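2 protein chains.
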Amino acid sequence: MAGTLKEFEPVFFPESVAIIGASRNPGKLGYQSLKALTDAGYRGKIYPINPNAETVGDFRAYPSILDVPDRVDLAVISLPPNGVLDAVRECAEKGVKGVVIFASGFKELDEQGAQAEREMARICNEAGVKIIGPNTIGLMNAYADLNASFAPIGKLLRGDISIVSQSGGMGTTLLSYILEDGLGFSKYVGVGNRANVEIADMLLYLREDPTTRVICVFMEGVDNARRFLQVTKEVAREKAVLIYKVGKTRVSNRAAFSHTGSLAGSYHLYRAAFAQAGLLEVMEPSELVDAAKAISILPPAGGDRVAVVTHTAGPSLVITEILERYGIEMSTLSEETKERILEAVPIKINVQNPVDLTGVAYVYSELYGVVGRILLEDENVDALVAVYTPSFQREIPLPAKELIEITKATNKPVVAALISPNIFPIEEKAELEKNGVAVYRNPERAAKATANYLKYWKLKRTLQTRK
Amino acid sequence: MAGTLKEFEPVFFPESVAIIGASRNPGKLGYQSLKALTDAGYRGKIYPINPNAETVGDFRAYPSILDVPDRVDLAVISLPPNGVLDAVRECAEKGVKGVVIFASGFKELDEQGAQAEREMARICNEAGVKIIGPNTIGLMNAYADLNASFAPIGKLLRGDISIVSQSGGMGTTLLSYILEDGLGFSKYVGVGNRANVEIADMLLYLREDPTTRVICVFMEGVDNARRFLQVTKEVAREKAVLIYKVGKTRVSNRAAFSHTGSLAGSYHLYRAAFAQAGLLEVMEPSELVDAAKAISILPPAGGDRVAVVTHTAGPSLVITEILERYGIEMSTLSEETKERILEAVPIKINVQNPVDLTGVAYVYSELYGVVGRILLEDENVDALVAVYTPSFQREIPLPAKELIEITKATNKPVVAALISPNIFPIEEKAELEKNGVAVYRNPERAAKATANYLKYWKLKRTLQTRK
Chain B
-18 MAGTLKEFEP VFFPESVAII GASRNPGKLG YQSLKALTDA GYRGKIYPIN
32 PNAETVGDFR AYPSILDVPD RVDLAVISLP PNGVLDAVRE CAEKGVKGVV
82 IFASGFKELD EQGAQAEREM ARICNEAGVK IIGPNTIGLM NAYADLNASF
132 APIGKLLRGD ISIVSQSGGM GTTLLSYILE DGLGFSKYVG VGNRANVEIA
182 DMLLYLREDP TTRVICVFME GVDNARRFLQ VTKEVAREKA VLIYKVGKTR
232 VSNRAAFSHT GSLAGSYHLY RAAFAQAGLL EVMEPSELVD AAKAISILPP
282 AGGDRVAVVT HTAGPSLVIT EILERYGIEM STLSEETKER ILEAVPIKIN
332 VQNPVDLTGV AYVYSELYGV VGRILLEDEN VDALVAVYTP SFQREIPLPA
382 KELIEITKAT NKPVVAALIS PNIFPIEEKA ELEKNGVAVY RNPERAAKAT
432 ANYLKYWKLK RTLQTRK
Chain R
-18 MAGTLKEFEP VFFPESVAII GASRNPGKLG YQSLKALTDA GYRGKIYPIN
32 PNAETVGDFR AYPSILDVPD RVDLAVISLP PNGVLDAVRE CAEKGVKGVV
82 IFASGFKELD EQGAQAEREM ARICNEAGVK IIGPNTIGLM NAYADLNASF
132 APIGKLLRGD ISIVSQSGGM GTTLLSYILE DGLGFSKYVG VGNRANVEIA
182 DMLLYLREDP TTRVICVFME GVDNARRFLQ VTKEVAREKA VLIYKVGKTR
232 VSNRAAFSHT GSLAGSYHLY RAAFAQAGLL EVMEPSELVD AAKAISILPP
282 AGGDRVAVVT HTAGPSLVIT EILERYGIEM STLSEETKER ILEAVPIKIN
332 VQNPVDLTGV AYVYSELYGV VGRILLEDEN VDALVAVYTP SFQREIPLPA
382 KELIEITKAT NKPVVAALIS PNIFPIEEKA ELEKNGVAVY RNPERAAKAT
432 ANYLKYWKLK RTLQTRK
């Protein structure tokens, strides 16, 4: 096991977890965090720490972590800021390997808070304790059924996307997108104030993490920009790293600085450095999750020219418009392709890109397989976006197996824009995504995910050429 | 009843509907459209027309609409393109007042199709029949429990937003947003090829429709741009009109032209004309529904400077960034406001805009009422965005009644960004929206809705000054 992986092993795969401040009061984080842990189905030992209770939930409680008879790997400190330092001291004495600290009121608040945070870091550095936080919603590892946060979201679905967020609230936002999409993930880390664990440390860990393929970073500012960029350059060679950096505008930049107590820095300098380091920057947080899914699911892109096939023009026009706005080129179809499509389609259509098969393809959805394949076989087409509006009643079959077949046959990426309210489940979605077709439920997000996915592979090709 | 309202009365409030091509085969539009009508709870008479069936569903079927013994107000033609003209002739003979035509393969396809469409229009103009389509998913009127489309979406929830879409697929997209949000609407009209009913006609109708307050338009291109702009200018004086116009980029513009057979026109000319006519243009389709909701729910805005209050910095930074990108100014808080906030908050914080109350306001959410009110009482604040991440377990109460109280007390707009996956219902959402607080579930959409809402009122103020 490589260095960083081993170093953080007890934090991400703890054999025992203590909840310091565990509570029976649902209004307290100490209740929510115990619930988060048990709802996720964590199978290690759980030790609630509460000086005023014999038991919390189904567990025996201990007055102090020092009273726990066995080893404790990870301690979740669910206490107000003024109780944190004492708890940290006891954790260090107990020999825990990691602490998660929810409380705010440290470096981000004032000099007194900064001083407390430095003291916390000093104690933990001496004792070899990793600090997740303070000022964080915590961490999750789906592969250990570990939810060490105060957000009880039930069982954690496993996948190969990991998230590192400097902000707890944005962590919630990104988790919301993941949950809405029914997507799995590997690790979620809210680094918060980064008392002794930086974003860069988590990137080094995730580089070695075998179940992480794509890393999403929500960043406000860093103290050591040089190290961050050096590290990400290394990591981006092996794993896809996507970033949303707050502070693209004047006021948001100033506010980001004030919040994190870190230099937000000039956005334009960051932007150039991101591209050089091989990081894909996205414009909005939702794009982070959508693009990560596309990169995780689709085969690598060999170029960035897109064909769109649809039975309804409007959404394909919106997709075309967004692709162009994001700098992606629409394929110019070869004459041979046009003729092949005309022969394959039972009715008269105007063949151009987007290819509008009209209403006939809504009912005879197998046309998506035939025409999609012709398009992917055109050397001018690097990726296909298939637009389809599923019947609200599910009685008309989606072109699911057809899209799976053509991506497998051609090894080119297929994105399915299955336009419908995401409150209505699409049964075929899981099957499609398991088989290499990325599904989005509206045209805007399908287009942006496709654009970001193509930009990622373009960046990758550019960097490889440069080497 | 005014002219246009009366003219379209039998189309939107028909006492009887015939489904021509009604079918028992779930794979046919004639099945889906009958289901759409009955699922919506339509209480008028329903006449399936099918020469090969005695009954369809629970209804007696007739071989031809001419065999129906009673009057028919609206006919839904669920036939392939080659059957449409004959059906239209029979509808005209029967004296129906409106026809909905799903089939494509007319003006948008080729000259032969265009000729058929002209013939269809000639017949209907002579007989006084309104044509919705062809090449449409149809129309809906929640206030008549009428779903005359092939999208069965159950009961139609009533509200004051109406949608006019040139594209069926984008109609589905906009309906998806409405359904995901649990939003009500008044009318939905897919005008399709507009054989004799133009977008402008629908705007004139909706201007007079008492249950429509905000009109959303999805437009590809128009044949008569001058009339469209003249009409919208009139309509925009009385109702809010929001528009998404496809064709902002080179390829999408060319494709829009090809699809609709209408001149898409230069986007830049449109853009200037929209603003002059008092139409608010949005950049993405989802913004159409989100902004319409804000305009519908919130009180009018007196200015466009925003304050943000939060317990978690990240999402408020994202909101700030998007507001700035959309040209909205963040309020500079007065010294008095800062002092009042410091006095009101039990812990030490740095007061600036966004106002970060830190984790304490997550647990003591009543702070949103206290601080929100202080902010709204500042003359530099025209609108408030309150950011809150609801507990996934609902045990910690949201600041719902507090936000309702402060918008009522100050008559200034309050937007609640309640960040959480929209698959988890928020019970307080309906209460908040009924009482004037607009709710969004992620920071991006909250910010864009706020920005578009403020831009709408700014546009309105500018036009009033000019008069």
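Top to bottom, those sequences are chains B and R. Count the first sequence with the working numbering and you get residues -18 to 448, in order. Count the second sequence with the working numbering and you get residues -18 to 448, in order. From the three backbone atoms N, C-alpha and C, an ideal C-beta is built for every residue, glycine too. All values derive from a computational prediction rather than experimental measurement.
Following the DSSP letters along the chain, one finds B/Asn128 inside the beta strand (DSSP E) bounded by residues Leu127 to Ser130. Unbroken alpha helix (DSSP H) stretches of 4 residues or longer found wholly inside the region 335 to 381 of chain R: 341 to 344 and 348 to 358, given in chain order. Under a criterion of Cβ atoms nearer than 7 Å, the residues of chain B adjacent to R/Lys229 are, in order, Glu302.
Cα atoms of B/Asp54 and B/Glu(-4): separation of roughly 6 Å, rounded to the nearest angstrom. For the pair R/Ala275 and R/Ala390, the CB atoms are not nearer than the 9 Å cut-off. With fewer than 16 other beta carbons inside 10 angstroms of its own, B/Ala253 counts as exposed. DSSP places R/Ile104 within a helical segment (H, G or I) once states are collapsed to three.
For R/Gln211, no chain B residue has a Cβ inside 9 Å of its Cβ, as the nearest lies near 25 Å away. Contact of B/Lys329 with chain R by beta-carbon distance below 8 Å involves Gly86, Leu90 and Asp91. In the structure shown, R/Val(-8) adopts helical secondary structure according to DSSP, grouped into three states. For B/Gly119, the enclosing beta strand (DSSP E) has its first and last residue at Gly119 to Asn122. Under the Cβ distance rule, B/Glu262 does not count among the residues neighbouring chain R, no pair being separated by less than 9 Å.
Interface annotation, R/Val344: in contact with chain B, CB-CB separation under 9 Å. Listed in chain order, the non-local C-beta contacts of R/Asn416 below 8 Å within the same chain comprise Ile385, Thr388 and Lys389, local neighbours out to five positions each way being set aside.
Excluding its 5 nearest sequence neighbours in each direction, B/Asn392 has C-beta neighbours in its own chain below 8 Å: Pro280, listed in chain order.
When 8 Å is used as the limit between beta carbons, R/Met183 is near no residue of chain B, the shortest such separation being about 16 Å. Taking every protein chain shown into account, the CB of R/Asp67 has fewer than 16 other CB atoms within 10 angstroms, so this residue is exposed. Here R/Ile58 is actually not in contact with R/Ala42; their C-beta atoms are around 15 Å apart, not less than 8 Å.
Here DSSP, grouped into helix, strand and coil, assigns B/Leu60 to coil. Residue state for B/Ser233 is assigned as helix, using DSSP reduced to three classes. Nearest to R/Thr301 by alpha-carbon distance, out of B/Thr230, B/Gly79 and B/Asp359, is B/Thr230.
At a C-beta separation below 8 Å, R/Phe199 has these neighbours in chain B: Gly295. Leaving aside the five residues that flank B/Leu357 on each side, the residues in its chain whose CB is nearer than 7 Å to its CB run, in chain order, Leu365, Ile387, Thr391 and Lys393.
Every alpha helix (DSSP H) stretch that sits fully inside the region 261 to 299 of chain R and reaches 4 residues is listed by chain position as 266 to 278.
DSSP, reduced to helix, strand and coil, places R/Ser247 outside both helices and strands of the structure shown, so it counts as coil. Bounds of any alpha helix (DSSP H) do not take in B/Phe83, whose DSSP letter is neither H nor E. Beyond the five residues adjoining it in sequence on each side, B/Glu98 comes within less than 8 Å, by CB distance, of Phe87, Lys88, Pro115, Asn174 and Ala176 in the same chain, given in chain order. In the structure shown, R/Tyr437 adopts helical secondary structure according to DSSP, grouped into three states. Each of R/Asn106, R/Asn331, R/Val216 and R/Arg70 was checked against the Cα of R/Ala258, and the nearest Cα belongs to R/Val216.
Proximity of the region 331 to 339 of chain R to the region 306 to 314 of chain R meets the contact definition, three or more beta-carbon pairs being nearer than 8 Å. If you check each beta-carbon in the region 380 to 407 of chain B against every beta-carbon of chain R, the ones closer than 9 Å belong to Ile400, Ser401, Pro402, Asn403, Ile404 and Phe405.
In the DSSP annotation of this structure, the continuous segment of the beta strand (DSSP E) that includes R/Leu223 starts and ends at Ala221 to Lys226. Leaving aside the five residues that flank B/Ala95 on each side, the residues in its chain whose CB is nearer than 6 Å to its CB run, in chain order, Lys88. The alpha carbon of R/Leu10 has as its nearest neighbour, out of R/Ser85, R/Glu35, R/Glu74 and R/Lys75, the alpha carbon of R/Ser85.
Boundaries around B/Ile27 are those of the beta strand (DSSP E), Lys26 to Ile30, since no alpha helix (DSSP H) includes it. In the structure shown, the three-state DSSP call for B/Glu310 is strand.
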